[in-house]
Amino acid sequence: MWRKQNDAKPSPEPASKAPEQPVTPVPVKPQPAPTPVAAVPPPAPAKPPAAPAAPAFSAPVTKNVVTHDTSGPSSIAPGLKIRGELSGSSDLYIDGEAQGKIALPDSRVTIGPNGRVQADIEAREIIIEGTVEGNLKARESVRLGSSSKVQGSVLTPRIGIDDGAKLRGKVEMTRAGESKGPATAEKPAPPAAVYKAAAASSESESSKR
Amino acid sequence: MNWMAKTRPGAAAPAIAPTSKPGPASASANTNLKVRTSNGLKEFLWLMSDVPHARVLDLGPVWQATVNFFLEKGYRISTDDLLGTWKEFVSGEEERLRAAPLTSEGYSARLTASALADKFLENALQYPEDSFHGVLGWDLFDYFDPAVSSRIMDRLFGILHPGGAVLALFHSRAPERFHRYRIIDTQTVELVAAPTLAVHARVFQNREILELFAKFRSSKTFVGRDQVREGLFLK
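Keeping their order, the protein sequence lines are chains B and L. Residues in the first sequence are numbered from 164 upward in steps of one, following the working numbering. Residues in the second sequence are numbered from 21 upward in steps of one, following the working numbering.
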């Protein structure tokens, strides 16, 4: 006991090992708001004394930290409704409801299984697991998951469709990176496209009996 | 037609005796993967081969294989799962009727099949005239009431481009399982077993098929080894 008290001072070892990594910032006051935590760089690893502070870093807080990271996707959670035009450069995850227009040409837009969207979506990559009423236009790819339900046209250079996906609309290919006009509703077919069928049909085996 | 007659003439004896009976389907014995050779599809594709960026409407569910198949050919493919939409619509109507107050006679006002069809078509198959060069109808018409079928046919006729074709399949007896169809190649279709969406409503006789497609300019039919009749109808 005695020794311990004395040792603490002179011994150079501990000082060099962990230069008293100045306190974990939060432990003193348990803060409900996660924001300041996000601003602080991650503390030096392996600082056992920080253990008592653990409750301050409980799981939910860490989660919040992630959402505040500007490089992560923005999200519209279940139960949230948004109406209007969404634009920008962040990836977007929608598991709530959205109406209007979504234009994120350099980002990934994901519609989660609970997501219900009534909007045209323009993005680099579109992933659908929920319900969308609107046209999809992707610069790179569109993926329709097995629980997806889409009503509208799809314009993309690549498409992935899982079994069980529901699509009511047309699929049209573009070249990668090609920017065609916005995906639109069905247009009439080009006029006077005559089939060789027209000629052939007259000789067809069993014309109307 | 005797399928044995189709064996190569030079062959003295079949190298491998068929391990299972050839019929009732040209579909393979493997229950997980049933495929059938479709002359109707082959002809359907031939009809459209001269049309640049032909527009095709698939009235079955959307499949990656089918979509890829058409996209690789440079076609534009639209899908509209008509039977699925119909089922949703009918369920919705039944729900509505259940919730509706009874009439003075004690019955709720149930719609007739044709009225139901008209209501259904207010929202279904809403495409401009002459939109498509080809429609894949598969065996849908076997599952609809005649009154509904004829109205759907009228609508299909309208959205089909002059010279366009409809490919339809008709069973010669009620199929054992409900299947959806996806295209494997120009002449092969895979039958994908699916939960029953609708009860098989009727077996069409030849005359009835021609009546159903009476507005079409010509027709051509093929009967497969599985006794499924394929019809190609030109507008």
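Ideal Cβ placement from N, Cα and C applies to all residues, glycine included. Since the structure is predicted, the reported quantities are computational estimates derived from the model, not experimental observations.
- For B/Val295, the closest Cβ of chain L is not nearer than 8 Å.
- Per DSSP, the continuous beta strand (DSSP E) segment holding B/Val295 begins and ends at Thr294 to Glu296.
- Setting aside the 5 residues that flank it on each side, B/Ile290 is surrounded in the same chain by Thr273 and Arg306, each with a C-beta closer than 6 Å to its C-beta; the list follows chain order.
- In the DSSP annotation of this structure, the continuous segment of the beta strand (DSSP E) that includes B/Lys333 starts and ends at Lys329 to Met336.
- Take the alpha-carbon of L/Asp78 and the one of L/Ala85: they are about 12 Å apart.
- Look at B/Lys312: its C-beta is not under 8 Å from any C-beta on chain L.
- Taking the C-beta atoms as reference points, L/Val87 is found nearer than 8 Å to B/Ile324.
- Residue pairing from DSSP places B/Ala286 in a beta bridge opposite B/Leu267 and B/Ala301.
- Going by DSSP, L/Lys139 is part of the alpha helix (DSSP H) stretching over Ala133 to Leu141.
- With a threshold of 8 Å between beta carbons, L/Asp100 makes contact with chain B.
- Interface flag for B/Ile245 against chain L is unset, since no Cβ pair is found closer than 8 Å.
- With contacts defined by Cβ atoms closer than 8 Å, B/Ser311 and B/Ala286 do not form a contacting pair.
- Beta-bridge partners assigned by DSSP to L/Trp66: none are found.
- The way I'd put it, the stretch 66 to 80 of chain L does touch the stretch 141 to 155 of chain L; three or more beta-carbon pairs between them come closer than 8 Å.
- From the beta-carbon of B/Arg331, the residues of chain L found nearer than 8 Å are Thr99, Asp100, Asp101 and Thr105.
- L/Gly104 carries a helical assignment under DSSP once its states are collapsed to helix, strand and coil.
- Contact note: B/Val334 reaches chain L through Val82, Val87, Phe90, Leu91, Arg96, Ile97, Ser98 and Thr99, using a C-beta cutoff of 9 Å and chain order.
- Its chain contains Ala213 as the residues whose beta carbon lies nearer than 7 Å to that of L/Arg197, once the 5 sequence neighbours on both sides are disregarded; these appear in chain order.
- In the DSSP assignment, L/Asp246 forms no beta bridge with any residue.
- Taking a C-beta distance under 8 Å as the contact criterion, L/Leu136 and L/Glu113 qualify as a contact pair.
- DSSP places L/Ser170 within a helical segment (H, G or I) once states are collapsed to three.
- For L/Val219, there is no enclosing beta strand (DSSP E), as DSSP marks it with neither H nor E.
- By the Cβ criterion, the stretch 156 to 164 of chain L is in contact with the stretch 176 to 191 of chain L, since at least three pairs of Cβ atoms, one from each stretch, lie closer than 8 Å.
- Beta bridge pairing from DSSP links L/Thr241 with L/Gly251.
- Inter-residue distance for L/Arg222 and L/Phe164 is about 8 Å (C-alpha atoms, whole angstroms).
- When DSSP states are grouped into helix, strand and coil, L/Leu232 belongs to the helix group.
- With a cutoff of 8 Å on beta-carbon distance, L/Arg171 and L/Ser134 are scored as near each other.
- Rounded to whole angstroms, B/Leu255 and B/Thr294 show a C-alpha spacing of 15 Å.
- Interface residue (Cβ-Cβ distance to chain L less than 8 Å): B/Ile322 is classified as such.
- Cβ-Cβ distances below 6 Å link B/Gly315 to Gly297, Asn298 and Gly332 in the same chain, with the five nearest sequence neighbours on each side left out; the list follows chain order.
- By the C-beta density criterion, B/Arg302 is buried, having at least 16 other C-beta atoms within 10 angstroms.
- By the beta-carbon neighbour count (other beta carbons within 10 angstroms, threshold 16), B/Ala282 is buried.
- Nearest to L/Phe177 by alpha-carbon distance, out of L/Ser69, L/Lys255 and L/Gln247, is L/Lys255.
- L/Val76: member of the beta strand (DSSP E) spanning Arg75 to Asp78, first to last residue.
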